[in-house]
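So the sequence shown is numbered by our numbering: it starts at 128 and just counts up by one.
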Amino acid sequence: MDFARSEEQQAMFDMAHGFGQEAIAPHARAWEEAGTIPRTLWAEAAALGLGGVYVSEGNGGSGLSRLDATLVFEALAMACPSVAAFLSIHNMVAGMVDAYGSDELKARTLPGLLSMDTVASYCLTEPGAGSDAAALKTRAVQAGDGWALTGTKAFISGGGYSDLYLVMARSGADGPKGISAFLVEDGTPGLSFGAREQKMGWRAQPTAQVQLDDARVPAGNLLGEEGRGFAYAMAGLDGGRLNIAATALGGARAALDATLRYMGERQAFGQTLDRFQALQFRLADNETKLHAARTFLHEAAWKLDRKAPDATKACAMAKLHVTDAAFAVANDCLQLHGGYGYLADYGIEKIVRDLRVHQILEGTNEIMRLIVSRSMIGAAR
């Protein structure tokens, strides 16, 4: 594994960072207050190839590796973790359609996903099935020449905002093998949404329950094979965990960069804060945490790209370590700002609020520990 970025990787990072700083960062606070992201942003992102990061080049996408994508999402998150994470979810869905969809389904949906005229959401979690995702209750029964879906999905980023919902529903017996994946289009009769959730962070992206009441979808909207939905979902989450880690890393990097600038300007006891050795140690510790986290993340992405046998374990470890480290760094940056860190004008408190959820979603960090420990125990037997 080469730890140096190639010229192409550096160009991708610079492109994503430049786009984020120009098109996202100046508006991040206003979008948070509005509780939504302007649809016009997605056309700009799509023009840069960010609507189909994982979609194969043969199908019109960017065809990036998982390692390349971690660079892109880290760079975007330096502008706003909430917006970058929302884009990563859209890309997870588009990548799953490209990987598992029929030729007809891909021809029908990928053009809109790539242009981001169609924005996509991922619907796995339910009010009673979070960490235990295989216990989901949403049902899919055959109805005529299609399927009828009934159930409720919770904490859905883009609920009531997106145009397409990838829904995991039980089409068979209990357990993971009874779950299938379906694409449900906005406007489908029987599809409705709960009230917008009021959240600690990630306020720019609208979040709501997705409610299905005998929502009918054509047979062609089944993604891949019946009964394979849970396997698709778990495969998607390996990459999703890398994305959540990358966006946490980008947010923490932005917080530390802002803190370094602040400490070079803020004076106390006759000198700038960056002249105090005790505070210099704090800076060094935070820089070390982020560097170690980035290396860990890139190794996990490298393993997922190569389909290494321990890739799922590596992705879980990276998600656990990186999101914990990123939140700790951002929280310390707030402390180093003193009272100013608590003010919205400085942007640090937003990053702290945004990064807290990264330790919860795409599998809580407690579930990451379960994945890692079970892999260890299984290998030892």
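Glycine included, every Cβ here is placed at the ideal spot set by N, Cα and C.
Burial state of residue i (16 or more Cβ within 10 Å)
i           : result
residue 90  : There is no way to answer for residue 90, as the model of the chain reaches only from 128 to 508.
residue 216 : buried
residue 504 : exposed
residue 334 : buried
residue 528 : Residue numbering for the chain in the displayed model covers 128 to 508; residue 528 lies beyond these limits and cannot be assessed.
residue 165 : exposed
residue 193 : buried
residue 469 : exposed
residue 486 : buried
residue 418 : exposed
residue 481 : buried
residue 386 : buried
residue 145 : exposed
residue 508 : exposed
residue 208 : buried
residue 496 : exposed
residue 380 : buried
residue 479 : buried
residue 501 : exposed
residue 434 : exposed
residue 199 : buried
residue 330 : buried
residue 336 : buried
residue 176 : buried
residue 332 : buried
residue 309 : buried
For residue j and residue i, the rounded distance between their alpha carbons
i           : j           : result
residue 491 : residue 401 : 36 Å
residue 382 : residue 460 : 6 Å
residue 369 : residue 251 : 18 Å
residue 222 : residue 180 : 8 Å
residue 141 : residue 202 : 8 Å
residue 384 : residue 426 : 24 Å
residue 498 : residue 392 : 45 Å
residue 457 : residue 449 : 12 Å
residue 240 : residue 347 : 17 Å
residue 344 : residue 420 : 42 Å
residue 138 : residue 197 : 14 Å
residue 244 : residue 409 : 45 Å
residue 356 : residue 276 : 14 Å
residue 301 : residue 465 : 52 Å
Three-state class that DSSP yields for residue i in the structure shown
i           : result
residue 323 : coil
residue 334 : strand
residue 419 : helix
residue 182 : coil
residue 511 : Given a span of 128 to 508 for the chain in the structure shown, any question on residue 511 remains unanswerable.
residue 209 : helix
residue 306 : strand
residue 161 : helix
residue 592 : Residue 592 lies beyond the residue range present for the chain, which begins at 128 and ends at 508; the question has no answer from this structure.
residue 253 : strand
residue 195 : helix
residue 403 : coil
residue 177 : coil
residue 376 : helix
residue 329 : coil
Among the options, nearest to residue i - alpha-carbon criterion
i           : options            : result
residue 219 : 207, 362, 210, 136 : 362
residue 262 : 138, 388, 254      : 254
residue 455 : 484, 434, 439      : 484
residue 168 : 449, 130, 211, 291 : 211
residue 422 : 285, 432, 445      : 445
residue 150 : 163, 135, 171, 160 : 171
residue 187 : 157, 234, 278      : 234
residue 307 : 339, 274, 129, 390 : 274
residue 195 : 432, 440, 506      : 432
residue 242 : 214, 135, 430, 411 : 214
residue 493 : 160, 225, 258      : 258
residue 313 : 323, 300, 304, 338 : 338
residue 161 : 326, 451, 403, 407 : 326
residue 248 : 291, 378, 163, 228 : 291
residue 474 : 328, 270, 156, 372 : 156
residue 324 : 284, 237, 352, 351 : 284
residue 359 : 226, 182, 206      : 226
residue 413 : 476, 437, 378, 453 : 453
Residues that residue i bridges to, as DSSP identifies them
i           : result
residue 274 : 269, 344
residue 357 : Bridge partners of residue 357: none, in fact.
residue 292 : 248, 311
residue 279 : 338
residue 216 : Bridge partners of residue 216: none, in fact.
residue 284 : 334
residue 398 : 395
residue 349 : 309
residue 318 : 339
7 Å Cβ cutoff, residue i in contact with chain B
i           : result
residue 151 : Although the question refers to chain B, the structure presented lacks it and comprises just one protein chain.
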